[in-house]
Each structure stands twice: as structure tokens, then as C-alpha cells.
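Sequences listed follow chains A and B, in order.
Sequential numbering of the first sequence, starting at 132, is according to my numbering.
Sequential numbering of the second sequence, starting at 537, is according to my numbering.
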Amino acid sequence: MKRRAAEIIREYGPFPDAPKVNGVTFDGERIWFAAGASLRAIDPESGKLTGVIDVAAHAGTAFDGTHIYQIAENRIHKIDPKSGALLASIPAPGNGGDSGMAWAEGSLWVGEYRSRRIHQINPDTGALIRSISSDRFVTGVTWAEGDLWHGTWEGEESDLRRIDPETGEVLEKLDMPAGTGVSGLESDGSERLYCGGGDSGKVRVVRRSRATP
Amino acid sequence: MDSLITAAAQALAKGNPLGALKRIALREDAPALALRGIAMAQLGDLGKAKLLLRRAAKAFRPHEVVSRARCVVAEAEIALVSRDLTWPEDALKDARDILDTHNDRLNAAHARHLAVRRLLLIGKLDEAERDLRELDPEPLPPASRAAYELAVAGIAMRRIHIQAARAAFMRAHAAALAAGIPALRAEVERAQRELDAPAARLIARSEQTLVKLDEVETLLASKAIVVDACRLVLRNSETVVSLSRRPVLFMLARTLAEAWPEDASREDLLARAFRAKHADEAHRARLRVEMGRLRASLTAVAKVVATKRGFVFKPPQGREIVVMVPPFEDENAAVLACLADGEAWSSSALAVALGASERTIQRALDGLAAAGKVQSCGKGRARQWTSPPVSGFTTSLLLPGPLPGV
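Okay, structure coming up:
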């Protein structure tokens with residue numbers, strides 16, 4: 132297992148009226164984050180707020196190329212990011228114990244916080260496909276260039292880890308600085324990982340090591 | 537944190553405990569137990585709240601120190617609200633330090649604020665004020681800001697700085713409105729009303745009037761000599777003479793002051809200070825001795841002169857003498873003043889607050905209970921005391937604490 136300190140290259144926020152960051156996703160242009168009572172969009176270049184959708188947003192956020200998926204209480208809502216309209220809703224696999232969420236290869240991947248698991252589910256029905264176990268509380272989940280990453284936050288310690296999606300084995304670990312929690316995780320498709328900062332109200336950018344060929 | 541915990545916490549922060557419980561009522565994991573505890577506290581079931589918080593603190597893993605510290609702070613708040621003043625302060629201080637070092641400024645501020653409220657309750661105004669200065673209200677969200685301003689107002693009121701109290705109440709009210717929590721707004725308004733309620737009765741030149749705290753403030757700043765039966769002191773704008781440990785001398789001074797500018801008869805003085813029905817030679821001799829003592833302790837304030845009938849106060853030129861008595865008089869007024877906050881107090885909490893022995897407090901409570909002025913519920917160590925609110929009066933002047941204006 133490779134292990135090193137996470138390199139934080141940028142921070143956004145905290146933003147007014149958004150005391151917490153509960154989830155993060157990226158639609159190719161904007162970073163979206165779940166702020167409790169709304170979803171908010173940031174321009175990654177300027178760091179300015181560029182959009183707000185009034186929708187309950189208590190945990191993970193994901194983007195499938197067209198729609199935003201957002202965990203609210205014990206449901207996952209499918210939202211049109213242009214209109215803010217609620218298109219569909221499925222039960223969340225952790226029944227409200229859910230934390231982070233990612234979309235990849237036609238499935239939703241949902242972290243269940245205290246039970247330390249990641250569930251792969253059908254995004255249309257919510258049906259469980261399989262579960263992967265971790266040995267830490269799971270927060271954010273993302274796929275980056277074919278690798279599964281998840282954030283942990285337990286006992287005031289956080290790291291980002293790349294795991295084997297079949298076995299759950301930890302392949303690589305980036306330790307976050309002390310006191311820096313990870314409440315959501317998203318890849319920008321390249322070098323960057325966007326991390327929700329929980330109660331700090333910040334979104335942080337961490338450099339990801341490129342996968343070795 | 538997970539989704540339902542976040543949703544429930546959001547509901548709690550908005551003062552909606554039922555909304556929080558709806559989401560987590562059946563969950564037994566540590567964060568859910570903690571939130572259920574806080575929700576039960578908001579609903580007033582303090583016993584259940586305490587148990588849930590204890591279970592939560594145990595269910596968190598040893599290295600989840602911040603979560604455990606938050607449970608300690610919540611439990612301290614319940615102790616404060618249930619007037620359990622024997623609650624260990626050190627645990628709260630430790631929790632505060634953990635929250636400070638982990639940058640949880642909001643909960644650290646809340647821990648400080650609880651310590652201030654406890655000090656205020658037991659009359660340690662100087663310490664409360666010092667701790668309050670450590671708190672920066674700026675980053676506090678509206679609900680905590682309202683609580684902070686209530687503490688500021690409470691201290692100002694106890695020190696009889698009425699303008700400062702009024703200003704703090706206005707800020708508290710604005711913050712409570714911004715928080716959108718009806719119960720908080722009601723609490724601020726109830727506290728604010730104390731400013732406009734009668735706080736004392738004044739007896740001047742045989743005339744009686746009810747006065748509010750701002751009139752008390754004006755009186756204390758004036759040239760008048762005030763014989764203060766709330767605190768058992770005599771004061772003018774420069775000096776305070778405490779007779780709190782010499783009740784006989786105080787009663788003599790009060791009797792003289794009530795008669796002023798006339799003299800008070802020996803019979804009157806003997807009857808009120810010694811409860812003597814007849815003035816025999818032994819009583820007269822004792823009166824002369826006590827008058828000598830009173831004269832000696834009051835040299836800085838007023839003279840006491842013998843007359844044919846008895847004695848008379850001779851204040852310096854241009855000074856009035858005014859007697860200030862509580863709006864209601866009772867031997868155990870201080871106990872009633874504590875209970876006037878409407879909370880249920882244990883006798884040990886009253887002992888801590890009033891700096892008296894539990895035995896003394898127990899005797900006072902028994903007396904008050906026999907007179908129908910207080911009620912108790914529970915048995916043994918769980919026994920708590922309440923009194924029907926003394927409607928329309930403020931009891932600020934009767935609460936424990938240092939002398940205002942000194």
C-alpha cells in the first residue's frame with residue numbers, strides 16, 4: 132500500500148448561508164455541494180458561487196452526465212440541474228445512515244457511514260447489487276480513472292483511500308492534515324479530488340497521484 | 537456524518553425537536569442517541585435526555601473525542617436547567633478545551649456560556665463577567681447569540697445597570713427573532729418584562745411606593761441614604777455599610793429610618809428588634825448597648841441621637857433617608873427569589889446558590905412548605921422544590937450576589 136500526506140492545493144468557502152458541506156460532485160464545469168437546505172454550484176476557476184437549487188441536501192451528491200443525484204434523509208433524489216426539478220426518488224441503501232455517493236458505469240455507489248460499507252445500487256430502482264466493506268467510517272465515494280476512492284472520517288482523523296473494488300483492500304492512502312474532515316469526495320476526471328469539509332463549510336482540492344500504468 | 541443525522545441536527549438547530557425525533561427515533565447508534573437526548577431535553581424530559589446522552593457518550597468510540605465532548609456539554613446544559621448546581625465544572629472545562637483544540641468554536645462557546653450561566657445563578661457576578669469577556673459573540677449563530685445577550689443582560693440587571701440591561705435585551709430579542717425559535721423568543725420577552733415589573737417598595741417620610749429597577753438605579757446614584765432591606769445594608773452614593781451579619785442592628789436602623797424625620801420610640805425599637813412586648817429596665821439597657829454599636833458602625837453615614845421618647849436619625853445636611861424593602865417580605869425571601877425562575881430546584885442546589893448549609897436551606901423550605909409557599913415533588917435525593925411564580929414582581933434584588941454598585 133502506498134501512503135503519503137494529502138497535498139491540499141486549493142480551498143473554497145466557507146460560503147454565506149451554507150455552514151456545512153455534506154456532499155460534493157462535479158458536472159464538468161461546476162463543483163456542486165450539498166449545503167443542508169440547498170445545492171450550491173461553485174466555479175472552480177474563480178471560486179465564486181454561480182448557482183443554487185433549493186432542495187434538501189443532507190449527504191452525498193453525484194452526477195451521471197445529465198442529472199444530479201442527492202441524498203436527503205433516507206432517499207436519493209434525481210434532480211435536473213438546469214431547472215432544479217425533482218425527477219425521481221429511490222430509497223437510500225443505508226436507510227438514512229448514508230454518507231457519500233458517486234455515479235459510475237451505470238450504478239450508484241453509496242457510502243454507509245458508521246457501518247463502514249459501500250453499496251453498489253441500481254440508480255433507477257435502488258436495488259442493491261453488492262456491498263464492499265471498509266475498516267473505517269465511510270464518507271465520500273468517487274471513481275477516478277477507473278479507480279474507486281473513498282473518504283474516511285473517524286475520531287477526528289480523515290484520509291482518502293483507493294481501494295480494490297472487488298476485495299475492499301486498501302491500495303493507496305492520502306492522510307488529511309489533523310482536524311481536516313472529509314464529508315464528500317469527487318474526482319474532476321483528472322488530477323484533482325474535490326473534498327467536502329463538513330462543519331468547516333469548505334470544499335478542498337487535493338492532488339491525486341496518477342495511477343501507475 | 538450521515539444523512540438522517542444531518543437532517544435531524546438541522547431540525548434541532550431550528551428548535552424543532554419533534555422533527556428531529558421523527559427521523560432518528562428508532563436508531564441506537566451513538567450520534568442518534570446524542571441527538572435524541574438533545575431533542576428530549578428541548579421537549580423538557582430532562583431525565584430521559586440525561587440517560588440518552590450518557591448512553592451516547594459511552595457508544596462513541598474512545599477516539600471520537602469531539603463527539604464525546606459535545607455529549608458532556610449537552611449534559612452540563614441539562615444539569616444547569618434542572619438546577620443541579622453540584623454538577624462537576626471540571627468535566628465541562630475539559631470538554632471545552634477539547635472542543636477548542638479541535639476548532640469546534642461554536643460548541644466551545646456554548647460550553648463557556650453554560651459556565652457563565654452557572655456562575656450567574658450562584659451569584660458570582662465578577663467571575664461570570666470575566667468568563668463572558670472571553671466569549672466573542674460575533675461568530676455565534678442567532679440562537680447562541682440570544683443566549684449570550686441574555687447572560688449580558690442578566691449580569692447588568694443584577695448590577696442594576698438598567699440601560700445596559702435594556703440594550704442587551706434588545707440585542708437578545710433581535711437574535712431570537714433571527715433564530716426563528718418561538719420558545720427562545722418567549723424566554724427573552726419573559727426576562728425582559730422583569731425590567732418593567734416592581735422590584736422594591738420604598739418607604740420615605742412614611743409614604744410607600746413601588747418602584748422598578750431603573751428607579752432603584754436612580755435612587756442608588758442619588759444623595760439619599762438608603763436602608764436596603766434586600767441586602768441588609770445602609771448606603772449612600774459613596775459608602776456601603778453592611779449589617780447582613782447583624783440583623784438586630786439592621787432592624788434598629790430600619791425602624792429609625794421608617795420613622796425619620798421623626799424619632800422612633802423605645803417601645804417600637806424594642807418590639808421590632810428584640811420582639812420585646814414590654815420595655816423593662818433590662819431591655820432598655822440592652823437597647824442602649826445596641827444603639828451604641830449602631831452609632832459606631834454608621835459614623836460614615838448618619839448620626840443617631842437620643843430623644844426623650846427614644847432615638848432619631850440625623851443625616852448630614854441635605855440627605856434624605858429612604859428605606860428599600862423587597863416587594864414581598866418573607867424571612868426566606870432569598871429562597872423564594874431563586875425559585876421565582878420557575879425551575880425545580882433541589883435543596884443542594886439552593887445551598888450552593890445561596891452559600892448556606894443544606895440544613896439551613898432545608899429548614900427554610902420546611903417553613904415555606906408549611907406556609908404553602910413552596911411545593912416539592914420526588915423523594916430523597918431526587919426531591920425538588922418549586923414555587924408558584926410571584927406574579928408581577930421581579931426578584932432581582934433578592935438574588936444572591938455581591939452588592940450592586942459596589
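Backbone N, C-alpha and C fix where the C-beta goes; we use that ideal spot for every residue, glycine too.
Since this is a predicted model, take the numbers as computed values, not measurements.
Take residue i and list the residues in its own chain whose beta-carbon comes closer than 6 Å to its own, dropping the five residues that flank it on each side.
i	result
Glu611/B	Leu589
His541/B	According to the sequence as given, residue 541/B is Ile; it is not His. Closer than 6 Å at the Cβ level, and outside the excluded window around Ile541/B, lie Pro567.
Arg721/B	Ala712
Roughly how many whole angstroms lie between the Cα atoms of residue i and residue j?
i	j	result
Val763/B	Val871/B	21 Å
Trp921/B	Ala906/B	13 Å
Glu879/B	Ala795/B	39 Å
Ala545/B	Pro567/B	10 Å
Ala918/B	Ser884/B	10 Å
Gly312/A	His638/B	11 Å
Val336/A	Gly580/B	44 Å
Ile857/B	Arg737/B	14 Å
Ile202/A	Asp229/A	8 Å
Arg247/A	Ala631/B	27 Å
Gly182/A	His198/A	15 Å
Ala149/A	Arg669/B	28 Å
Val152/A	Val269/A	16 Å
Asn205/A	Ile221/A	9 Å
Ala815/B	Arg802/B	8 Å
Thr273/A	Glu564/B	29 Å
Asp667/B	Val652/B	6 Å
Arg171/A	Gln898/B	60 Å
Leu554/B	Ala577/B	11 Å
Glu663/B	Leu621/B	16 Å
Glu867/B	Pro145/A	57 Å
Helix, strand or coil: how does DSSP classify residue i here?
i	result
Pro678/B	helix
Glu288/A	strand
Ala700/B	helix
Glu751/B	helix
Gln546/B	helix
Ala294/A	A quick correction: the sequence has Ile, not Ala, at residue 294/A. Three-state result, Ile294/A: strand.
His85/A	The question about residue 85/A has no answer here: the residues shown for chain A are numbered 132 through 344.
Glu894/B	helix
Thr745/B	strand
Pro734/B	strand
His646/B	helix
Cys766/B	coil
Ser833/B	helix
Tyr200/A	strand
Phe810/B	helix
Pro222/A	strand
His250/A	strand
Leu875/B	helix
Arg141/A	strand
Contact criterion: CB-CB distance below 8 Å. Does residue i meet it with respect to chain B?
i	result
Tyr244/A	yes
Ser318/A	no
Ser265/A	no
Gly167/A	yes
Ser345/A	Missing from the structure shown is residue 345/A; chain A here goes from 132 to 344 and no further.
Asn153/A	yes
Near residue i, what residues of its chain come up, given a Cβ to Cβ distance below 8 Å and the 5 sequence neighbours on each side ignored?
i	result
Val840/B	Leu792, Met827, Leu830, Arg831, Leu834, Phe847, Val848, Phe849, Lys850
Return the chain-ordered list of same chain residues with a C-beta closer than 7 Å to the C-beta of residue i, the five sequence neighbours on each side being excluded.
i	result
Asp750/B	Ile698
His819/B	Leu806, Phe810, Ala812
Ala592/B	Ala566, Leu569, Ala570, Gly573, Cys607
Ala645/B	Leu671, Leu676, Ser680
Ala605/B	Ala631, Ile634, Leu635
Got a sec: is the Cβ-Cβ distance from residue i to anything in chain A below 8 Å?
i	result
His646/B	no
Arg559/B	yes
Ala543/B	yes
Asp946/B	Past the edges of chain B, shown from 537 to 942, lies residue 946/B, and the structure says nothing about it.
Arg666/B	no
Glu600/B	yes
Arg591/B	no
Asn552/B	no
Arg917/B	no
When every heavy atom of the ligand MG is checked, does at least one fall within less than 7 Å of the C-beta of residue i?
i	result
Val336/A	This structure lacks the ligand MG; in fact it carries no ligand of any kind.
Do three or more CB pairs link the stretch 273-284 of chain A to the stretch 221-235 of chain A at distances below 8 Å?
Cβ pair count under 8 Å is three or more, so yes.
So, do the stretch 213-230 of chain A and the stretch 173-180 of chain A have three or more beta carbon pairs nearer to each other than 8 Å?
Counting C-beta pairs with one atom in each stretch, the stretch 213-230 of chain A and the stretch 173-180 of chain A have fewer than three that are closer than 8 Å, which means they do not touch.
Validate contact between the stretch 747-762 of chain B and the stretch 714-725 of chain B using beta carbons, cut 8 Å, 3 pairs
Segments in contact, no.
Counting pairs of beta carbons, one from the stretch 718-726 of chain B and one from the stretch 559-574 of chain B, are three or more of them closer than 8 Å?
In short, these stretches do not touch, since the Cβ pair count stays below three.
Would you call the stretch 880-900 of chain B and the stretch 761-778 of chain B touching, i.e. three or more CB-CB distances under 8 Å?
No, they do not touch.
Counting pairs of beta carbons, one from the stretch 305-325 of chain A and one from the stretch 151-160 of chain A, are three or more of them closer than 8 Å?
The way I'd put it, the stretch 305-325 of chain A does touch the stretch 151-160 of chain A; three or more beta-carbon pairs between them come closer than 8 Å.
Three or more C-beta pairs closer than 8 Å, one from the stretch 597-606 of chain B and one from the stretch 852-866 of chain B: is that the case here?
Result no; under three Cβ-Cβ pairs closer than 8 Å.
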